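In UniProt numbering, the protein residues as written are 1 to 139. No residue lacks a Cβ here, since even glycine has one placed at the ideal position from N, Cα and C. The structure displayed is predicted, hence computed values, not measured ones. Notes to accompany the following structure.
Pasting the structure below:
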């Protein structure tokens, strides 16, 4: 059950530098202000992966100004959907939240050529997620 009129989604990966940042960028871009978007990492990096920044800029989305953030209990509690990407048990579980685990390759240390297919897969999943959230909101 949604906790507010606006659905909220938290993307979690280990470093909050690649997958979760790309997912948050796509969701913000494609859903606009219809969905509140957060991202975090269990062990955040110092900066967003430059290859992820470049791959996203190729599709017109700027994530260069984002900063990796630490995963907090409050971020999970404040989200309707929690989507993990390879961080496993690091994410606390609360009742009433929708948890999804997206098995996506980690782009850390890879060039933009290797990041593009990950980016494209994330976009497909984000488009499906938006459709699912919209359908649940209309039900």
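Under the three-state reduction of DSSP, which class applies to residue i: helix, strand or coil?
i, result
"residue 131", "helix"
"residue 105", "coil"
"residue 73", "helix"
"residue 59", "coil"
"residue 100", "strand"
Can the beta-carbon of residue i be found closer than 8 Å to that of residue j?
i, j, result
"residue 79", "residue 20", "no"
"residue 10", "residue 35", "no"
"residue 118", "residue 127", "no"
"residue 109", "residue 63", "no"
"residue 71", "residue 40", "yes"
"residue 30", "residue 37", "no"
Measure how close the beta-carbons of residue i and residue j come, nearest whole angstrom, since I'm counting them as under 8 Å.
i, j, result
"residue 17", "residue 52", "7 Å"
"residue 91", "residue 12", "5 Å"
"residue 97", "residue 115", "Wrong, their Cβ atoms sit about 29 Å apart, outside the cutoff."
Taking the beta carbon of residue i as the centre, do at least 16 other beta carbons fall within 10 Å, making it buried, or is it exposed?
i, result
"residue 81", "buried"
"residue 67", "exposed"
"residue 93", "exposed"
"residue 95", "exposed"
"residue 131", "exposed"
"residue 107", "buried"
"residue 32", "exposed"
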